[in-house]
Amino acid sequence: MGDVILFDAPTGPGLWLVSASGGTPRAVTAPDDTTDDLVHVAPTVLPDGETALFTVT
């Protein structure tokens, strides 16, 4: 993922990514409206730096 910050925002149901040096965040996940998915939260980037796990509720 490089020098970025992956986060869940209180203003939206998905996960967001922003450069560690600043900039405009961009949405990288969104709940599936056809299922019971409500939010994506608590992202954790794995040691490979490319893979993230998160909770879907």
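In this text, residue positions in the sequence shown follow the working numbering: the first is 1, and each later residue adds one. Backbone N, C-alpha and C fix where the C-beta goes; we use that ideal spot for every residue, glycine too.
Close Cβ partners of residue i (< 6 angstroms) along its chain, the five nearest in sequence each way excluded
i	result
V28	L15 and L17
L53	T44
Proximity winner among the options, relative to residue i (alpha-carbon distances)
i	options	result
T57	G49, P43 and E50	P43
D32	P13, S21 and A9	P13
S19	T11, V4, A9 and V45	V4
A9	L46, L53 and R26	R26
T24	T35, F7 and T34	F7
8 angstroms contact criterion, which residue i and residue j should meet: CB distance rounded
i	j	result
T55	V45	So it is not a contact: roughly 14 angstroms between Cβ atoms.
Other residues of its chain near residue i: CB distance less than 7 angstroms, five sequence neighbours each side excluded
i	result
L38	P13, P31 and T57
Exercise. What are the complete beta strand (DSSP E) segments, minimum 3 residues, inside the stretch 12-50?
Worked result: Taking only runs of at least 3 residues, the beta strand (DSSP E) segments lying wholly in the stretch 12-50 are 15-19 and 40-45.
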